[in-house]
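Protein chains in written order, with the numbering used here: chain Y, 1 to 236; chain F, 1 to 296; chain V, 1 to 496; chain L, 1 to 113; chain C, 1 to 630. Positions of the beta carbon are idealized from the N, C-alpha and C atoms, including for glycine. Here's the structure, in structure tokens; my notes come after.
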Amino acid sequence: MIRKVVYSIFLAIIVLSLVLFFAAFPFGKNKMTVGKYYIDHGVQQTGAANIVTSVVLDYRGFDTLGEVSVLFAAAAGVGVLLHMIGERRERKVKVPPNFVVRVGSRIVFPFILLFGVYIFVHGHLTPGGGFQGGSIIASGFLLLYLAYPNYKLKRGGLAAIEGLAGLTFVTLGLYGLLTPKVSFLYNFLPMGVFNTLVSAGILPIIYVAIGFKVASEFAGIIDDMICDVMCRGGEK
Amino acid sequence: MVIDKIFFTIITPIFAFAVGLSFMMIKLKVSARIERRYGPPIIQPIYNILKLLLKEENISHGVIFSLGPVIALAGSILTVLFIPYAGIKLFTGSGDLIALMYIMVIGSLGMALGAGESANPNASIGISRALTLMLGYDLPFVIIIISVVLYYHTTNLADIVAAQAHGHWTLWSLPLSAIVGFVVAYGALGEHPFDIITAPHEVATGPMVEYGGKHLGFLVINHAFHIYIEIALFVDLFLGGATNVLWFYVKMFAVFFIMMLFDEVYPRFKIDDAVRFFWKWPTIVALISLIIVLVK
Amino acid sequence: MVGGAHPILLIAVPLFFVFLIVFFSSFFKGIVKYLPIIAFGINLIVIYQLIPEVLGKGMVISTTAGFKPPLAIDIVVDRLSLILAAIGSVLGFLVAIYNVSYIDEEPQERYYALFTLLVTGIIWMVVTGDIFNLFVAFEVTSIAAFGLVGFHRDQGAVEAGFKYLVMGSIGGGMLLVGIIMLYAATGTLNMVDLAQKSVHLTFGQKFLAYSMIFIGLGIEGALFPLNAWLPDAHPAAPSSVSAILSGIMTTAAIYALYRLTNLMFDYKQIYTILLFFGLLTLIFGEVSAYFQQDIKRMLAYSTIGQTGLFFFAFALDSANGFQGSIMQIINHSVSKALLFLVTGGMILRIGSRKIEDFAGLGRKMKFSSFFLAIGAFSLMGLPPFFGFWSKLKIIFAALQNPNFFMVASVVIILLMSVVEGAYFFKLLQNMYFGKPAENLQISEAPAGILISFTILGLILIFISVYPTPIINLTHQVANDLMSKSYINIALRLGGL
Amino acid sequence: MIYYIGSLLLIAVGLYAVLVKSNLIKIIIGLNFISSGVNLLIISVGYINNGTAPIFSRLGLNPNTMVDPIPQALTLTAIVIDASELALAVAFVVLLYRHYKTLDIKKIRSLKW
Amino acid sequence: MNASLELLLATPFIGGLLAFIGGKVHRWIRNLIAIIFSFATAFEIIGYYNVTIKGIVWGKLFGSDLILQTNPITWLFLFIVTSASFLIVLFSIDDMRKEEDELKLDAYYMYLLFVEGAMVGIVLAGDLITFFMFWEIMSWTSYFLIIHGGKRSMAAGYKYIIMSVIGAYAMFLAMAMLYAKAHSLVYTDVANVLLHSSPAFVIWTIVLLAIGFFVKAAVMPLHTWLPDAHSEAPSPVSPLLSGVLIKMGAYGLFVVLYGLISVKLAGSLMPSVFSTPLLLYIIQWLAALSIVLATFLAIMQEDAKRLLAYSSISQIGYVVLGIATGTSLGVAGGLFHALNHAIFKGLLFLVVGAVIYRTGTRNLSELGGLIKKMPFSFVALLLGIIALAGVPPLNGFVSKWMIYEALLQKKEVFLLIMAFVGSTGAFLYVYRLVHSIFLGQLPKKYENVKDVPILMQIPIWVLALLTIVLGIMPGLAMNVIVKGMAFFGFKPIAYNLFGFPQGTAMGALTTINISAGLAIAFVVAWILFILFPKSRKVSQYDNYAAGQVVTEDLKYNYSYGFYMSFSRVIKPILKWSIERVYNYWVEAAKIFGDYYMRRIYTGNLETYNAYIVIVITLAAAFVLLGGKIW
């Protein structure tokens with residue numbers, strides 16, 4: 001009990017000091033320096049209507065590469081941890097899925113996919129993007145897992161998609177080094193018409209790649225976790 | 001000059017031997033008298049030595065066994081050459097008091113080696129005791145040597161003797177050192193109560209247990225030298241040496257006579273008691289004397 | 001490709017290969033294990049090309065997305081980064097060779113991908129010029145490391161991995177809080193820009209932001225008392241990964257601390273506090289190492305101790321201190337990686353991590369034992385090995401103005417060196433002259449392992465007998481740090 | 001201001017959970033609290049009073065009312081990182097449970113000193 | 001000889017590496033390389049006899065130069081190092097043949113030559129950093145040599161290396177302090193800076209450096225490694241350690257005391273006792289205590305090498321005592337004794353090694369009577385012990401005499417008394433050595449023992465010859481020593497080839513007279529002896545045993561607990577052991593370390609997280625309190 005009180009006091013001190021810090025930079029005040037530049041020039045420079053996307057994929061595109069790597073690392077890590085030695089058994093469930101779920105999922109799944117694709121394709125125009133879209137697609141696969149006990153993703157294909165998507169991203173970035181700007185991730189494609197689907201140069205391509213990548217990674221994670229619990233064979 | 005030197009070099013050991021032998025003779029008689037016996041004839045030691053030397057049957061346990069007495073005698077002869085007596089200083093210039101201390105050891109080393117080869121445990125025990133006792137009396141001995149040396153600011157024995165001319169004996173100036181010196185010389189001679197080394201009736205005459213014949217004869221001769229060395233050194237250090245042989249002899253005899261008296265009075269020390277004894281009172285007294293010298 | 005190499009290749013190329021590994025894993029699995037070698041081989045070429053440029057100009061800046069910083073993220077390689085990136089690439093390359101013989105457990109393709117990602121993340125942390133990008137690289141590194149620590153999936157590995165994950169996540173969160181505090185205060189994320197714009201902050205504000213960043217990087221950088229995950233995680237990981245973790249990952253985090261401290265938080269008070277952290281880390285690491293029975297755990301604690309040492313040297317806040325610190329970093333990275341690689345090979349052969357089971361290995365695995373001895377000597381700081389020069393420099397630096405505290409610290413450092421000697425000699429003695437178990441039938445380590453640690457050992461021997469270039473280079477680095485030329489050169493080269 | 005305090009409190013609650021809860025899942029939830037708090041903090045930093053989203057859904061929107069896009073981008077990155085950590089943590093918990101047959105962190109102490 | 005100092009320094013190192021590589025080809029190639037290179041090193045130093053070279057830059061470090069230099073004192077130590085190493089390599093060829101493991105042997109020769117090289121480096125060093133570097137190399141290479149001796153040598157080696165490292169780091173601290181002040185570690189610069197430093201600084205410097213040297217030289221409170229290490233090391237290594245390696249401590253002390261700070265400076269900094277600066281006086285006392293206590297301990301030993309090891313502590317005490325007197329005679333005596341000790345202790349260890357080679361034991365009570373089987377070894381050992389005991393006419397006497405005289409001149413009587421007692425005590429233990437090994441009765445199992453092979457005898461004879469030559473002609477060594485000391489600003493002492501004429505000291509010494517006198521006396525006595533009837537040789541068992549007949553299977557010898565009665569006397573001293581004090585503290589530190597570690601790395605995640613939170617809290621509190629947390 002004393003422990004908890006002491007911890008609470010500690011945390012109170014931490015929060016208090018941080019609050020005092022942030023009090024010097026009040027909420028709602030315009031603190032932009034670089035951000036202002038992005039808002040002012042982002043549209044001309046990147047051609048993306050969504051300034052956040054232009055920041056995420058263009059100005060700070062390198063961060064996103066890292067982000068993709070992190071996600072990939074997590075997926076690989078989960079794969080490493082939940083890797084199964086020996087045969088995979090058929091998945092067994094205690095209660096077979098409801099009929100409604102099975103039929104419903106068959107109807108909903110294409111729409112989920114479509115919605116996901118929509119989100120990452122329009123990432124440079126509207127809120128959303130590769131990560132969001134990818135997650136949505138992965139949730140569609142989760143639905144399939146719920147609905148069909150014997151549903152199994154083809155991991156080889158997933159890996160290929162994952163790798164190809166990642167390769168696309170890096171290759172696009174590396175190509176920037178060959179352009180006159182000599183800059184990684186340089187947006188070398190024409191800007192296109194503002195606020196249309198085919199605009200903002202390489203950004204949509206990257207987002208599509210990210211979308212596929214995220215979808216396959218999340219799907220892989222889901223597959224790993226479900227199988228680890230449900231398909232584990234005789235090994236201890 | 002050179003002839004002189006050679007002459008004295010030859011004569012000195014003989015003189016030393018004679019003196020030592022005479023003391024041995026006297027001792028037999030005197031101790032007999034103290035014990036109210038008649039005692040053997042006065043020249044009995046000479047008989048003894050001759051008998052031993054001329055014995056037909058000699059046994060040897062090995063080369064070093066034979067060499068031991070020889071080395072002992074050689075060491076003693078060498079030591080004698082370094083001790084000035086009656087104004088004659090032969091080698092005194094080439095080795096001072098400190099060197100002399102170590103030259104004296106050569107003889108003991110020879111004897112110890114020889115006795116060691118005899119492979120008799122009695123001999124070994126005797127040597128062990130002898131060496132231990134040596135360590136015992138060495139402590140007060142070096143202290144008084146240092147006191148005397150510091151008092152006269154020289155380690156040259158001849159100079160020390162010279163500085164004591166006209167009756168300025170060290171005995172008067174450093175009486176405490178002299179007393180300790182006496183005790184030490186006495187201990188070094190291995191007389192009662194420090195005769196645990198040979199310990200007659202106990203370990204069968206100690207280191208010499210295996211010796212007989214000419215070997216033992218050499219050791220007896222060596223003992224005569226030994227008596228001479230210890231007492232002569234004492235006389236040189238504390239009694240101012242002497243200008244002529246006779247006076248030197250008289251002084252030596254006086255010292256020896258007092259020693260004999262002690263010899264008859266005291267019982268025997270155990271070896272560790274002997275060491276403790278030497279490290280206690282003689283050392284303390286010697287240190288007091290040393291401090292007196294230092295403060296002066 | 002104007003002007004030779006482009007530092008961004010240091011990150012992009014290995015990442016490319018990471019995805020290539022994933023791509024190939026489904027249908028061409030045989031090639032997977034060789035891809036990291038190629039990746040870091042290319043990295044080495046890039047480093048080689050960068051060397052003259054960096055040494056000449058002091059810095060090479062590479063922009064991304066075609067915009068100048070602070071608008072976009074830039075990759076900045078100055079001399080200090082170059083040293084660490086070079087160490088990272090070399091270790092990555094050698095450990096990649098090592099892996100070929102070492103890893104036989106499934107899932108291999110994920111291991112290779114994660115491994116490549118780990119090293120890439122480390123290099124990334126070192127060369128980035130943007131503080132949020134630093135955070136991302138930090139997370140790439142740590143998440144790859146979480147997975148790799150748990151790679152064996154046995155009880156210890158999982159426990160260590162989980163603890164590491166919890167602490168690392170807290171650290172990551174705190175680091176992000178610190179970054180956001182800086183962003184809230186300045187509105188920029190580029191380090192050079194931050195350094196310039198943060199001058200108007202009060203000491204208290206800076207200190208608070210700094211302490212948050214410090215927590216994050218300190219957890220990764222194994223500073224006492226934030227290092228409790230390390231002695232669990234480093235031994236639990238495969239030895240190849242341990243070599244990277246101990247050799248360069250903690251160092252990279254410490255590098256980030258150096259960089260940020262030097263750029264933005266250059267206060268005497270902060271340095272004084274860091275001194276204590278360094279000393280405590282040193283003491284607790286070395287003394288704990290002495291009590292270990294498990295060799296990898298011992299090496300892990302020794303890593304903590306070494307970290308404390310070079311962190312202490314850095315906190316001296318003098319040119320000599322910086323120089324000593326960086327020399328010690330080099331020494332530690334090379335030697336500790338060497339030790340982990342060698343012990344990895346030995347553990348592979350004898351199947352035990354207990355020090356007493358190493359008895360008699362000096363006879364059976366001659367090369368391994370020899371290089372183990374070399375590495376241990378260098379860590380102990382025995383001449384003529386490189387560790388001696390670095391320790392020398394640190395001590396000299398500490399005693400530049402010998403007040404009581406400094407002398408006491410030096411005494412502590414030396415005492416800890418004695419402790420270090422105590423456990424290393426115990427190990428060596430046991431290894432060379434201990435009585436081996438009955439009918440111990442083992443052979444020398446496999447070829448890949450042998451090649452990799454032999455090369456590393458030869459590098460160590462080379463810098464030991466010919467330390468002059470490194471001494472000169474680190475001297476320049478120390479001057480860079482002292483004069484904060486990072487800002488100046490970056491400004492001149494159009495970093496802003 | 002309340003947003004700052006709220007998000008900071010969220011961080012504190014997360015830390016508290018990590019500190020005192022012994023259930024592995026709760027610790028993971030605590031970690032998530034921390035990251036959510038941090039993300040909220042980031043977003044709050046970028047907010048401008050009466051701001052709009054920095055999206056030019058049509059040309060001619062007033063750029064001066066738009067909020068800072070950088071924190072939003074950062075949050076996006078941070079969320080993904082948090083999700084990755086979460087996935088990995090859950091995988092660890094699965095394995096831990098298999099090895100120790102418990103979810104109590106106090107009993108998972110095979111590695112010490 | 002125009003070879004450069006670098007070449008001299010490099011020769012043994014190159015030789016070591018080549019020997020190691022050569023061992024892969026054939027063991028004789030290795031042996032040959034070892035012999036050639038050790039001889040080459042010894043040969044190269046001829047060119048530097050009485051040469052002074054001020055300083056050669058051989059490298060650069062942190063912008064300061066690494067310097068080599070040489071002067072006659074250097075030459076003296078070079079001579080000790082190189083010639084001893086050469087002889088030991090010769091001795092090793094046969095002695096180490098019993099080691100079957102060729103790899104160990106390859107490593108053995110490599111380390112042997114490395115140790116030599118490191119010692120050459122120490123001696124040639126012209127600045128402290130070079131000195132320290134080679135010092136450390138010497139430590140660890142010799143450590144590897146020591147642990148070649150088998151299982152028990154490992155514990156000994158461990159103790160050795162840990163203590164060495166502690167000592168080295170004490171030196172290192174002093175060096176670093178000097179560097180901080182002088183920004184250079186070249187002897188001359190350091191000396192300049194010390195001249196203008198505060199007394200406390202100078203004293204600290206000397207104390208710290210002295211700790212390092214004393215560990216290596218095994219001066220009393222820091223000696224505990226030596227008896228174990230020297231006795232457990234392989235036979236050829238022991239003479240290297242005892243004869244040469246511990247001299248490096250003495251050399252270091254000499255250089256620091258007279259190269260870095262002059263006696264005059266030391267005298268001006270602190271009060272003087274007996275006209276010796278206090279610090280030097282304390283050093284002298286430590287040395288004197290070493291002499292006496294180590295002698296007593298040596299008397300008690302039952303193990304031949306352990307006995308010699310304790311004797312080394314005691315003899316190095318004389319060296320340090322002499323060097324710390326600060327007068328020309330005393331320092332010359334100390335240096336000369338260093339040379340002499342290298343010779344006779346090397347000799348003794350080699351002979352004991354030869355005995356071990358033949359009998360396989362070094363337990364004194366198991367040996368005996370070997371004189372008939374190994375007569376040459378006996379004679380060599382006899383010469384060695386006579387020299388060690390400081391009995392004329394051999395070399396040990398001359399150097400001890402010089403030290404005594406120097407102490408007498410300075411009236412440091414208490415030290416002198418201790419030195420004397422140590423010398424007499426030495427007589428006890430050396431007799432023990434010769435008695436228990438060569439005299440007494442021959443155990444039956446050693447009936448077939450022969451003298452050692454010729455290759456092992458050569459080094460023994462060379463050293464034995466040297467004891468005699470230097471005993472009769474100390475002037476040979478004084479040539480070098482006096483010239484070298486002039487280099488360090490000492491007044492020259494008067495000497496001639498055969499000793500010291502009147503005026504050098506309080507007395508005079510002419511060694512030729514003593515030896516000639518002894519020779520003549522011996523011849524006279526011998527002639528007398530053979531004049532009398534010839535003696536008959538009998539068996540050793542044919543002796544007086546209280547009427548019993550002694551048979552060969554019965555051990556009828558007195559060799560265990562030889563000085564039992566003496567041990568009763570010094571029991572109070574024996575009860576008290578420095579080693580136990582050290583062990584106590586080490587154990588306490590271990591318990592403490594273990595305790596805190598268990599409290600900190602508990603394995604409990606909550607605790608670990610709490611650390612993080614505490615650190616953040618401290619930082620936050622620091623800010624909240626406005627930076628006033630401490």
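Option nearest residue i by Cα separation, candidates the options
i: N30/Y; options: I108/L, D68/L and I81/L; result: D68/L
i: Y560/C; options: I261/C, L103/C, I80/C and A304/C; result: A304/C
i: G201/Y; options: F109/Y, G42/Y and I13/Y; result: G42/Y
i: I313/C; options: Q409/C, L381/C and K216/C; result: K216/C
i: A477/C; options: G59/C, A40/C and T74/C; result: T74/C
Contact with chain V by residue i, beta-carbon distance below 8 Å
i: L88/L; result: yes
i: L9/C; result: no
i: I612/C; result: yes
i: L18/C; result: no
Span separating the alpha-carbon of residue i from that of residue j
i: M418/C; j: V523/C; result: 36 Å
i: I413/V; j: V379/C; result: 52 Å
Neighbour flag for residue i against chain Y, beta carbons, 8 Å
i: L605/C; result: no
i: V623/C; result: yes
Closer than 7 Å: residue i CB and nearest the ligand NAD heavy atom
i: L286/C; result: With respect to small molecules bound, the structure shown includes none, and the ligand NAD cannot be examined in it.
Alpha helix (DSSP H) segment containing residue i, residue limits
i: T250/V; result: T250 to M264
i: S390/V; result: F386 to A398
Residue-chain proximity (residue i, chain L), Cβ-Cβ < 8 Å
i: V255/C; result: no
i: T602/C; result: yes
i: S169/V; result: yes
Test: residue i CB closer than 8 Å to a CB of chain C
i: I13/Y; result: yes
Buried versus exposed, by CB contacts within 10 Å (16 or more), residue i
i: T205/C; result: buried
i: V410/V; result: buried
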